[in-house]
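In the working numbering, the protein residues as written are 607 to 980.
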Amino acid sequence: MKIINLLATLGITIGVAAIIFVVSVLSGFQVMNYEQILGYDPHVRVKLSGKSDVDNSLINYVRESKDMRDFALTTEKKSALRVKDNFKVARLLYISPMSENYLDGLNQSLLFGKLQANSKNLIMGAKLAEGLDITRGDEVELITPEALEKSARMFRQLDGSKYVVSGIFYSSVKDYDEKQIYIYDNNPIKDFIDIKLTDYELTDEYVSKLQKSYKDLVIFTWKDLNSEFYRIMQFEKVMTIVVLFLIILISAFNILASLSMTVVQKKKDISILRTLGMSTKRIVSIFRNEGVFIGVLGTLLGTTIGLILTYLQDTAGLIMFGKGITIQSAFPISYEYEVYVAIVVVSLLLSWGATYLPTKRISKIDILEGIREE
């Protein structure tokens, strides 16, 4: 095999293997991050109408849904926390679980303490607690927007509600650890129904069913609640794939260059073969098969190596996180078989396309000129 052909094969092999492995790791990170976020956020959030008959019907519908795992009634608002002269703005979620397992994800991330019902207690993220220099058992003053408005309207000193920190959680999700507060509140008057499904991939289907059963619902999915994060994850994945595909594209150009040089070098031989009666189509197929062989060989080798690396990362943890960075010790893996097939198909198509221009020149070779040069 000529060096340029070897380089083309090697380039396709490296490109395909890298894409398969990187896509698997990026998908693994996506799944890991989604699971972290969805331990706190619902898969579906439905805004209640304030009409008791409609809301009660909706609650019963959710309760009887076969795809529903857990749900709760919630109210979310921005609030301020005050400890002495230290202020922090936080996101406050009043939560009334309608199923006993709704808080499992939150409970698993508690460093200490717990979310207590029917009491003046709250739990907060570890970074928020650190910023306020407080720990479990300390008292904080919670100032809601309503309290701010009342103080301004009545020209009174700003007074908030006193709460005791009953627990602190660490999620490894920055936004939650720095801003989130939870209060267990059994007051039935809430703004939302927060729903967790048996599988987050059922979200779109579940929302579609809800919209068919209840018109004019305001519905937010977990993608809407974390829209910026979701867009960033998708953008990173797409851009990484595009960059890695450039490796395959460059290798395809190597195939094009290799065949073009071969056609020029074999111009006299091609002329003789055509003079002896071999059809142009047959000669074209010989050269095209050479390019396709390079593409197929590189793609097969790359796919095999990529899948082996992916499997070893999944089972043995080839690439590890640094200590203390995350709970998981090794880079996560998620198998994306449909993407793997697409990678193979695109690689083969690029390799086949690279043979088109060089082989097209064969039909334009002047037989007499080729023989005269011989």
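Ideal placement from N, C-alpha and C gives every residue a C-beta, glycine not left out. None of these values were measured; they are calculated from a predicted model.
Local Cβ density within 10 Å of residue i, reported as buried at 16 or more and exposed below that
i	result
M867	exposed
V947	exposed
I931	Its pLDDT being 47, under 50, I931 is placed unreliably in this model, and the coordinates cannot settle the point.
Q919	buried
R669	exposed
Q786	buried
A696	buried
K768	exposed
E896	buried
N860	buried
R880	buried
L662	The sequence given here places Asn at residue 662; Leu does not occur at that position. N662 is exposed by the Cβ-count criterion.
V950	buried
D647	buried
R651	buried
L738	buried
V631	buried
L709	buried
L850	buried
T921	exposed
L882	exposed
L721	buried
Cut-off 8 Å between Cβ atoms - residues of its own chain near residue i, not counting five sequence neighbours on either side
i	result
I774	L716, L717, F718, G719, I729, M730, G731, A732, A735, T741, R742
K780	K733
E944	none
Near the ligand HEM: residue i beta-carbon under 6 Å from a heavy atom
i	result
K785	The ligand HEM is absent from the structure shown, which contains no ligand whatsoever.
Nearest neighbour of residue i, chosen from the options [CA to CA]
i	options	result
G959	R688, P751, A863, L709	A863
D822	D691, V629, V813	V813
G656	V848, L679, P648, V650	L679
L816	K653, D805, G912	K653
Y917	F893, E942, I795	E942
L664	K873, D797, Y782	D797
V902	V844, T961, D710, I847	T961
F693	L613, G883, K683, E747	E747
V869	S957, Y776, Y820, K966	K966
I854	K608, P964, V952	V952
S633	D659, V844, S705, K690	V844
D744	G737, V770, E752	V770
I900	S857, D830, S885	S857
E807	V637, I789, K608, K818	V637
D783	N727, L955, L698, I838	L698
F893	Y788, L963, D691	L963
Y776	F851, Q840, N713, Y836	N713
L831	T615, T809, D875, S819	T809
I876	I968, K690, S671, L616	I968
T615	G904, K608, G912	G904
S705	K726, S778, N666	N666
K726	S772, D691, K608	S772
Y820	L852, V660, K608	V660
Cut-off 7 Å between Cβ atoms - residues of its own chain near residue i, not counting five sequence neighbours on either side
i	result
F635	P938
A610	The sequence given here has Ile at residue 610, not Ala. Excluding residues within five positions, the ones whose Cβ falls inside 7 Å are N860, A863, S864.
I847	I625, V629
L613	N860
I749	S685, A686, R688, L764, G766
V898	S957, W958, T961
K683	L698, T750, P751
F826	R651
Spatial neighbours of residue i in its chain, beta-carbon cut-off 6 Å, leaving aside the 5 residues before and after
i	result
L915	F627
V824	K653
T681	Y700, K796, D797
G645	G711
I789	Y700, L728
F940	The amino acid occupying residue 940 in the given sequence is Ser; Phe does not appear at that position. Counting only Cβ-Cβ distances below 6 Å, and skipping sequence neighbours, we find S633, G634, V637.
M839	Q636
Below-7 Å beta-carbon distance, residue i vs any chain C residue
i	result
E752	Chain labels in this structure do not include chain C; a single protein chain is all it has.
Counting only runs of 4+ residues fully inside the region 649-705, write out the alpha helix (DSSP H) ranges in chain order. For the region 649-705, whole alpha helix (DSSP H) runs of length 4 or above, ordered along the chain, are 658-670.
Would the region 671-689 and the region 787-801 be scored as touching if the rule is three or more Cβ pairs under 8 Å? Touching, yes, given that three or more Cβ pairs across the two stretches are closer than 8 Å.
contact_flag[the region 639-647, the region 887-906] where n(CB pairs < 8 Å) is 3 or more: No contact exists between the region 639-647 and the region 887-906.
Pairs of beta-carbons, one from the region 903-918 and one from the region 616-636, closer than 8 Å: are there three or more? The region 903-918 vs the region 616-636: in contact.
Only counting runs of 4 or more residues, tell me where the alpha helix (DSSP H) segments fall wholly within the region 818-900, in order along the chain. Entirely contained in the region 818-900, the alpha helix (DSSP H) runs reaching 4 residues are, in chain order, 828-831, 833-871, 873-881.
Unbroken stretches of the beta strand (DSSP E), 3 residues or longer, contained in the region 725-800: Whole beta strand (DSSP E) segments, 3+ residues: 727-731, 745-749, 767-775, 786-790.
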